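Numbering-wise (this note's numbering), the sequence shown opens with residue 22 and increments by one.
Inspection log for the structure reproduced underneath, given as structure tokens.
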Amino acid sequence: MKRFTTVLAAMLIPFLSMASEADLVIPELTATQNNLLYLGFIICFLGLLFGWYQYAKVKKLRAHQSMLDVAQVIFETCKTYLIQQGKFLVILFVIIGLVIAFYFGYLQQNSFGGVLLILSWTVIGILGSYGVAWFGIRMNTLANSRMAFASLERKPLKLVNIPLNAGMSIGVALICVELIMMLIILLFVPREYAGASFIGFAIGESLGASALRIAGGIFTKIADIGSDLMKVVYGIKEDDPRNPGVIADCVGDNAGDSVGPTADGFETYGVTGVALIAFIV
Numbered sequence: 022m023k024r025f026t027t028v029l030a031a032m033l034i035p036f037l038s039m040a041s042e043a044d045l046v047i048p049e050l051t052a053t054q055n056n057l058l059y060l061g062f063i064i065c066f067l068g069l070l071f072g073w074y075q076y077a078k079v080k081k082l083r084a085h086q087s088m089l090d091v092a093q094v095i096f097e098t099c100k101t102y103l104i105q106q107g108k109f110l111v112i113l114f115v116i117i118g119l120v121i122a123f124y125f126g127y128l129q130q131n132s133f134g135g136v137l138l139i140l141s142w143t144v145i146g147i148l149g150s151y152g153v154a155w156f157g158i159r160m161n162t163l164a165n166s167r168m169a170f171a172s173l174e175r176k177p178l179k180l181v182n183i184p185l186n187a188g189m190s191i192g193v194a195l196i197c198v199e200l201i202m203m204l205i206i207l208l209f210v211p212r213e214y215a216g217a218s219f220i221g222f223a224i225g226e227s228l229g230a231s232a233l234r235i236a237g238g239i240f241t242k243i244a245d246i247g248s249d250l251m252k253v254v255y256g257i258k259e260d261d262p263r264n265p266g267v268i269a270d271c272v273g274d275n276a277g278d279s280v281g282p283t284a285d286g287f288e289t290y291g292v293t294g295v296a297l298i299a300f301i302v
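Written out as structure tokens, the structure is:
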């Protein structure tokens, strides 16, 4: 019975404790630890250069002008989708921002400057998810036309390399941008606000990723089903140029399979990083 009581008490400690990641205070870093974090900046910038190199490498590949024109139409339509999502995210931020300001300003009794700092990191988190999603859609629409043209050359290895290079460009850029933001919090944000800034950052990137992920999936299904209905009703194939839903379907595929996963990957990596920092510190 005594052992059971001890185990039960240990299990109840997290529920009874009022501490959270928001109360996290980063300890004073030594010179060696600071240098390691600055080294992380250098590695991240090298990673961004590698991602840009892969982007330029794919962009330099040849493609037929008609393929480039179609890819540009798809990209412009994807831009319209992302702009609409950006307007929606502004509305969401206003609502969530009021909640964050109430919690950290009124309940936690933080200063006005501290609340603004936390809100600014929420905005940075949203912009991070939104930015990598935009880069992902640009990279995909570039790679699609090059991939289609390369298939006409019947070179299997080239068909493997193009999506690999495009994927490496997006993946490395995503991780490096995330790490740079976290390093800035660790090095330059006042230690007493670091934990709350991490929370604001995680909320922002989760907000952006969830909106882009869910809306992208809905957009994909609507466009896909619309093209399928044209196939059923009028006997026009889903990918037939005469099908007016072809471009919408292609945009939907990019929105659902590029925008959503890219923003979601950014959010997942960031939230996991915040949890790991809280656990270590």
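C-beta: ideal position from N, C-alpha, C; glycine also.
A quick note: this is a predicted structure, and the numbers were derived from the prediction, not measured.
In the same chain as K80, and ignoring 5 residues on each side of it, the C-beta atoms closer than 6 Å to its own belong to L163, in chain order. The three-state reading of DSSP puts D90 in helix, counting H, G and I together. Contact annotation, V193 with G61: C-beta distance approximately 14 Å; criterion of less than 8 Å not satisfied. Judged by their CB atoms, V136 and G126 are nearer to each other than the 8 Å cut-off. Taking all protein chains in view, the Cβ of I224 is crowded by 16 or more other Cβ atoms within 10 Å, so the residue is classified as buried. Annotated as distal: F287 and V111, with beta-carbon spacing of 8 Å or more. In the displayed model, S141 falls within a helix according to three-state DSSP. Distance between I243 and V46, taken at the CA atoms: about 47 Å.
In this structure L228 touches F114 by the C-beta definition: roughly 7 Å separates them, less than 8 Å. Going by C-alpha positions, G68 is about 45 Å away from I257. By alpha-carbon distance to M160, the top candidate from V181, L185, I206 is L185.
Restricting attention to M251, G216, L250, the CA atom closest to the CA of A299 is found in G216.
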